[in-house]
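Reviewing the structure listed below.
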Ligand SMILES: CC(C)(COP(=O)(O)OP(=O)(O)OC[C@H]1O[C@@H](n2cnc3c(N)ncnc32)[C@H](O)[C@@H]1OP(=O)(O)O)[C@@H](O)C(=O)NCCC(=O)NCCS
């Protein structure tokens, strides 16, 4: 099911189609992707885990009525699935209860880096959330993840690279804010990893 379309992309539900599951495994089994996500069970090690991962995502967002989720990013011209974009409530300090803070995120297959797909997909997802009335959307980036930091900065080229800042973003993205100070308020990446969950 299509969630959003942009100039070059369709954001849609991941499916149990074998091609989707193979691509999902290919993305989330890669250390260069999984290392930044800090999610339990990643990287995937067996293709059979793709269907389990999909089930986890579906269960997590079952009550969200399609507003939040982890969606496949498909290139309209080629049909290639380049990765995922996520939009979801951030968990609170107890690491379980969801807050009203909404996170946007991006996970791309390395073969699709360098085309602006993460920026385009993340921007569209965040714009939809802002249009629905949410005042700020957060990007949470691990220390050292310069590629992801760069995506966040593309939405706010004038903002400082670090800090809890109000971020200006182009187009419909009126105001997003980046939680880039999380690492300093939540000390160790390991702790942070436990807190984060994709
Ligand atoms: C983070 C990640 C999504 C960034 O991917 P990316 O492709 O570099 O990001 P974008 O989609 O914004 O693409 C920007 C790049 O595309 C280029 N580009 C090409 N065509 C473009 C276009 N039409 N529009 C915008 N950028 C374009 C830009 O110049 C830029 O390349 P550069 O960094 O060499 O200058 C990717 O590295 C990734 O998936 N990493 C692993 C998972 C991860 O860390 N996720 C984030 C967790 S917080």
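In the working numbering, the protein residues as written are 3 to 200. Each residue gets a CB set at the ideal place from its N, CA and C atoms; glycine is no exception. These numbers were taken from a predicted model, which means no experiment stands behind them.
Could you compute how far the alpha carbon of residue 88 sits from the alpha carbon of residue 46? To locate residue 88, count along the chain shown from 1; it is residue 86. To locate residue 46, count along the chain shown from 1; it is residue 44. Roughly 18 Å between the two C-alpha positions.
Measuring straight from C-alpha to C-alpha, what distance separates residue 76 and residue 4?
Locating residue 76 in the chain shown gives position 74, where the first residue counts as 1. Locating residue 4 in the chain shown gives position 2, where the first residue counts as 1. Whole-angstrom Cα-Cα distance: 10 Å.
(message) Between residue 86 and chain D, is the shortest Cβ-Cβ distance under 8 Å, so that the two count as touching?
(response) Among the chains in the structure shown there is no chain D, since it carries only a single protein chain.
Do the stretch 120-138 and the stretch 6-15 meet, that is, are 3 or more Cβ pairs less than 8 Å apart?
yes
Contact between the stretch 12-31 and the stretch 61-74 (3+ Cβ pairs under 8 Å):
With a cut-off of 8 Å, the stretch 61-74 and the stretch 12-31 count as touching, because enough Cβ pairs lie within range.
_Among 79, 28 and 6, whose alpha-carbon lies nearest the alpha-carbon of residue 109?_
As a working note, residue 109 is residue 107 in the chain shown. Taking only the C-alpha atoms, the option nearest residue 109 is 28.
For residue 66, does the three-state DSSP call read helix, strand or coil?
Against the chain shown, residue 66 aligns to sequence position 64. Here residue 66 sits in helix by DSSP.
Item checked: Start and end residues, beta strand (DSSP E) containing residue 126 -> Within the chain shown, numbered from 1, the residue matching residue 126 stands at position 124. Taken as a continuous stretch (DSSP letters only), residue 126 belongs to no beta strand (DSSP E), being part of the alpha helix (DSSP H) at 119-133.
Excluding the five sequence neighbours on either side, which residues of its own chain have a C-beta within less than 7 Å of the C-beta of residue 130, listed in chain order?
As a position in the chain shown, residue 130 is number 128, starting the count at 1. Excluding sequence neighbours, residue 130 sits near 6.
*Sort out for me which residues DSSP pairs residue 14 with in a bridge.*
On the chain shown, position 12 is the one that residue 14 refers to. Answer by DSSP bridge pairing, in chain order: 4 and 74.
- Between the beta-carbon of residue 51 and the beta-carbon of residue 70, is there less than 8 Å? In the chain shown, counting from the first residue as 1, residue 51 sits at position 49. In the chain shown, counting from the first residue as 1, residue 70 sits at position 68. No.
> Run through DSSP, which three-state label would residue 31 get?
Replying inline: Mapped onto the chain shown, residue 31 falls at position 29. Reduced to three states, the DSSP call for residue 31 is coil.
Distance, residue 134 Cα to residue 54 Cα
Stepping through the chain shown from its first residue, residue 54 is reached at position 52. Stepping through the chain shown from its first residue, residue 134 is reached at position 132. Each residue's alpha carbon lies about 31 Å from the other.
(message) With a threshold of 8 Å on Cβ separation, who are the neighbours of residue 122 within its own chain once the five nearest residues in sequence on each side are excluded?
(response) In the chain shown, residue 122 corresponds to position 120, counting from 1. 8, 9, 10 and 11.
Using the Cβ count rule (16 or more neighbours within 10 Å means buried), how would you classify residue 34? Counting from one through the chain shown, the residue named residue 34 turns up at place 32. So residue 34 ends up on the exposed side.
Start and end residues, beta strand (DSSP E) containing residue 82
Counted from its first residue, the chain shown places residue 82 at position 80. It is not in any beta strand (DSSP E) - residue 82 carries neither H nor E in the DSSP assignment.
Same chain, Cβ closer than 6 Å to residue 147, neighbours up to 5 away in sequence not counted
Taking the chain shown and counting its residues from 1, one reaches residue 147 at position 145. For residue 147, where only same-chain residues beyond five positions count, the Cβ hits under 6 Å are 38.
So, for residue 149: in the same chain, excluding its five sequence neighbours on each side, which residues have a beta-carbon less than 8 Å away from its beta-carbon? Working through the chain shown from its first residue, we reach residue 149 at position 147. Within the same chain, residue 149 has close Cβ partners 115.
- Item | residue 141, buried or exposed, once every other Cβ within 10 Å from all chains shown has been counted against 16 | Start at 1 with the first residue of the chain shown, and residue 141 comes out as number 139. Buried, because 16 or more other Cβ atoms sit within 10 Å of the Cβ of residue 141.
Discussion item. Tell me the DSSP secondary structure of residue 112 in three-state form.
Written reply: For the purposes of this step, residue 112 is taken as residue 110 along the chain shown, with counting starting at 1. In this structure, residue 112 counts as helix in the three-state DSSP scheme.
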